[in-house]
Structure formats: structure tokens, C-alpha cells
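Trainee:
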Amino acid sequence: MKKCIKVIIVILCCIFFVCNTSASSNKTSLKDLKDKLAKDEAALKTATNKKNAMQNNIKNIESDLKKIADEITGYESSIEESKLKVTELEKEIAEKQKEIDKLLSFKQVVDEENMYLEYVFESKTFTDFIYRSSIVEQLGKYNDELIDEMYNLIDENKQEQKNLSNKIDESEVTIDKLSATLKKYNLTMDDLVDDHKDAKAEYEASKKEVAAYEKLYKQNGCKETTSIIDCIDIPYAKGFIRPLKSGTITSEYGLRYHPTLHYYRMHNGIDIGVPTNTTVYAAAAGIVTKIVKVANPNKKNSSCGGNKVYVKHRIDGKEYTSVYMHLHSISVKLNDYVTASSEIGKSGGGESYDYCTTGPHLHFGIMKGNDYVNPRNYISFPKKGYKFTSRY
Ligand SMILES: [Zn+2]
0 MKKCIKVIIV
10 ILCCIFFVCN
20 TSASSNKTSL
30 KDLKDKLAKD
40 EAALKTATNK
50 KNAMQNNIKN
60 IESDLKKIAD
70 EITGYESSIE
80 ESKLKVTELE
90 KEIAEKQKEI
100 DKLLSFKQVV
110 DEENMYLEYV
120 FESKTFTDFI
130 YRSSIVEQLG
140 KYNDELIDEM
150 YNLIDENKQE
160 QKNLSNKIDE
170 SEVTIDKLSA
180 TLKKYNLTMD
190 DLVDDHKDAK
200 AEYEASKKEV
210 AAYEKLYKQN
220 GCKETTSIID
230 CIDIPYAKGF
240 IRPLKSGTIT
250 SEYGLRYHPT
260 LHYYRMHNGI
270 DIGVPTNTTV
280 YAAAAGIVTK
290 IVKVANPNKK
300 NSSCGGNKVY
310 VKHRIDGKEY
320 TSVYMHLHSI
330 SVKLNDYVTA
340 SSEIGKSGGG
350 ESYDYCTTGP
360 HLHFGIMKGN
370 DYVNPRNYIS
380 FPKKGYKFTS
390 RY
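Okay, here's the thing in C-alpha cells:
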């Protein structure tokens, strides 16, 4: 029972909240637009920070890669040095070996012909021979030790070469890893650059929108909180008609699994499949209140929404805004008065125009005050997958 009461309270709260917000947002004021501008500015700041952070990441990786490449060059020249040392040592060993051989053969002679030499050299000879023998022996030993030492040095050098080439292998693995990360970062960077451009375009558009309204509000002596429809001369219209002469409905208004972003999100309009460069008309008489021009609408992956135009209407005394997205080109200017036969721009939306679409189409949305509503509630469209061939 307690649970039931709790659930009912939560539902009532939700209903109250929804009703309350929609009631308060049926009309837009200059203050609302300023709030939106502040949000756009914050979004731009976030996008800038993200872009800068990624730029730093990329710079760090690039300098790491350079450091490792330099290290490899160092290892390689050490290996060459070590190889030279080995060759030199081998040469020295061969020479020493020759010396030893010579000494040993001399010793042999001395040992064998001891007696004979004793005679030849008379008085001094015996001690002399002993002395000579020991010298020869010592020299031989000394040379043996020297050769052993050289062999050890060769071993050490070869080990060093092995260690260095292992280090090169390890460095190359690190380079591969860093290069893969760099590639990933560069791709993310492309997206962040686009996001930044979009955020900037959105911010600039909002700034211009606010400036234009501020001027009109001042001219008409309105308060910031006065709604636009009560302050500004927005043309009267009877209702909306289709923004295209023909097209096929490809996606509905509402929560949907996004085809390219791959998550559920609100689709704030209806998608109408139409060839690129088809004329898009205003859905009713009104005034162009906002234009978002992306930096490069013809570049792949430029923005989600592409070029956008917002037109404000007065229908049945209520404020509406029609929204046209993914435009290939824009034919109107800010504050232009339009009728239902005015050209807003040409359609785009193909894969090459922005990353949120899978084919050329017009995204058409309607806002009542500050809230997006289903365009089907105001315009008759055929079922999804079906084509219409007139504006009515
Ligand atoms: Zn859409």
C-alpha cells in the first residue's frame, strides 16, 4: 500500500513537472534566448577545452615518438661501435696468438738445446738460460691471459650487441603502440575539431540571434521577459504546409536508435528523403530568426545537423518555430520575412555532408514555444517509407 502511494506521488509530481514546464515554455522571450546563448557559450568552452587537451596529448605522443626514434639511432650506432671493437679484438688476438706461437717455439728450442747453448755462451749461460726460459714462460702466460681477456671482451661486446638489439625491438614495439594511439587520437581530434566548429557556429548564430532581438526589443520598448510574439511583429500564418514539393518519409519524430551515432536519442523532427540540392520552402509565413552555418558543410564529418535555418511563426496567436537542417545551401538572411512560397535553401544531408546522416534528406522540425513537437500534428505526411508529391 505504502509503495502504491509512493508511486502515485511520483507520477503526480512528474505530471505536474511536465505540465508546468510546457506551460511556461509555450512562449519564448529574449531572456530565454540569452539563457540559451549562455549554454551555447559553455558548450563552446567545453569543446575548446576538449580540443586543446587532445592537442596536448598528440603533442606529447609525438615528442615521445621522437625521443624513442633518437634512442634507437643511439642503440644502432652503439651496436656498430661494438662490432668494430670485436673485429679489432679478433685481429689483436690473432696477432698475440702468432707472438705466443713464436715465443713457445723459441722456448722449445731453448729447452731442447740447453746443453749446446750452455757451451756456446759459457760462464753466464746456465743461469742465463734458466732466466730466459722463465721469461719466455712468463711472457707466454701473460699473452694467454691477455687473449683470455680479449675473448671475454668479445663476449661482453656480443652480449652488449644482443642487449642493444633487444632494446631496439622493445622500442619498436613501443613505437607501434604509440603510433596506434596517435592514429586513434588524430581521428578523435578530427571529431573534436568538428565539434568545436559546430559549437562555435551554434554560439555565433545564437549571439547574432540575441543581438537582433535585443535591437527589436529596444525599438519596441519591451522587457527582456516579454515573449517574442508579444513584442515583435511576427507574420500571421494560418498553418503549416509541407516544406518540399515531394519526398519520402524516412524517419519519424520521437525517441529512436540513431543510425550513425548508435544510441537512443530524441529525434526532434521528421526526416524527408530527397535528392541533394532540392529546393526547400518555408512551411509557413514567418521571420528568419536564426541561421547556423557550419564551417564546411561539404566536408565529410562536418557537424551533426549541417546548415540550419529557424523561422518563427504566429499561428492561432501562438509562437512556433520551423527548423530546417542538413541544408546544402541557405537562401535566406537573418530577419528576412518569408512566405510559404519562399525558398529557405537547398537540401543536403547526404553522407558527404554530415556524419549524422546516412542519405540525402531534409530534417524538418517544429517547435511550439521552446519545445519540439511532432510535425505530424500540424502537417499531413504519408506513412514512413511512402512518398508525397505535393505541398498540401
Ligand atoms: Zn532528422
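With numbering that gives the first Met the number 0, the residue at position 292 of the sequence shown is 291, and numbering never jumps. Built from N, CA and C at the ideal position, the CB exists for glycine as well.
Please specify which runs of the beta strand (DSSP E), each continuous and at least 3 residues long, are wholly inside the segment 250-279, giving them in chain order.
Mentor: The segment 250-279 contains these whole beta strand (DSSP E) runs: 253-256, 263-266, 269-272.
Trainee: Tell me, which residues are paired with Tyr235 by DSSP?
Mentor: Walking along the sequence shown from the start, residue 235 turns up at place 236. Answer by DSSP bridge pairing, in chain order: Arg313.
Trainee: Beta-carbon within less than 7 Å of His195's beta-carbon, same chain only, minus the 5 sequence neighbours each way: which residues are those?
Mentor: Taking the sequence shown and counting its residues from 1, the one referred to as residue 195 is at position 196. Only residues of its own chain outside the window of five on either side were considered, and among them Ala46, Thr47, Lys50 have a CB closer than 7 Å to the CB of His195, listed in chain order.
Trainee: Near Tyr385, what residues of its chain come up, given a Cβ to Cβ distance below 8 Å and the 5 sequence neighbours on each side ignored?
Mentor: Numbered from 1 along the sequence shown, position 386 holds the residue referred to as residue 385. The residues are Thr247, Ile248.
Trainee: In whole angstroms, give me the CA-to-CA distance for Asp189 and Glu159.
Mentor: As a first step, residue 189 is located in the sequence shown; it is residue number 190 there, counting from the start. As a first step, residue 159 is located in the sequence shown; it is residue number 160 there, counting from the start. Between Asp189 and Glu159, the C-alpha separation is close to 44 Å.
Trainee: With ligand 1 as the reference, list in chain order each residue whose Cβ lies under 6 Å from any of its heavy atoms.
Mentor: Ser250, His266, Gly268, Asp270, His362
Trainee: Buried or exposed: which applies to Thr27, given that a residue is buried once 16 or more other Cβ atoms fall within 10 Å of its Cβ?
Mentor: One-based indexing of the sequence shown puts residue 27 at position 28. Answer is buried; the Cβ neighbour count reaches 16.
Trainee: Excluding five sequence neighbours on each side, which residues of the same chain lie with their C-beta closer than 6 Å to the C-beta of Ser328?
Mentor: Walking along the sequence shown from the start, residue 328 turns up at place 329. Around Ser328: Gly344, Lys345.
Trainee: What are the boundary residues of the alpha helix (DSSP H) that Ile378 is part of?
Mentor: In the sequence shown, residue 378 corresponds to position 379, counting from 1. Where Ile378 is concerned, there is no enclosing alpha helix (DSSP H), given that its DSSP letter is neither H nor E.
Trainee: Give the secondary structure of Thr288 by DSSP, where H, G and I count as helix, E and B as strand, and everything else as coil.
Mentor: For this step, residue 288 is matched to residue 289 along the sequence shown. Three-state result, Thr288: strand.
Trainee: Quick one: grab the DSSP three-state call for Leu215.
Mentor: In the sequence shown, counting from the first residue as 1, residue 215 sits at position 216. The DSSP-derived three-state label of Leu215 is helix.
Trainee: Taking the C-alpha atoms as reference points, what is the distance between Phe363 and Thr225?
Mentor: Here residue 363 is taken as the residue at index 364 of the sequence shown, counted from 1. Here residue 225 is taken as the residue at index 226 of the sequence shown, counted from 1. Rounded to the nearest angstrom, the two C-alpha atoms are 28 Å apart.
Trainee: Express the C-alpha separation of Ala52 and Glu87 in angstroms, rounding to a whole number.
Mentor: Within the sequence shown, residue 87 is the residue found at index 88, counting from 1. Within the sequence shown, residue 52 is the residue found at index 53, counting from 1. Those two C-alpha atoms are separated by around 53 Å.
Trainee: Can you tell me the Cα-Cα spacing of Lys82 and Glu155, whole angstroms?
Mentor: In the sequence shown, the residue the question calls residue 82 occupies position 83. In the sequence shown, the residue the question calls residue 155 occupies position 156. The straight-line gap from Cα to Cα measures roughly 11 Å.
Trainee: For chain B, find out if any of its Cβ atoms is closer than 9 Å to the Cβ of Ala282; answer yes or no.
Mentor: The structure shown contains no chain B, having only a single protein chain.
Trainee: So, using beta-carbon positions, are Tyr319 and Ala283 closer together than 9 Å?
Mentor: Here residue 319 refers to the residue found at position 320 when the sequence shown is read from its first residue. Here residue 283 refers to the residue found at position 284 when the sequence shown is read from its first residue. Yes, the pair counts as a contact, with Cβ atoms nearer than the cut-off.
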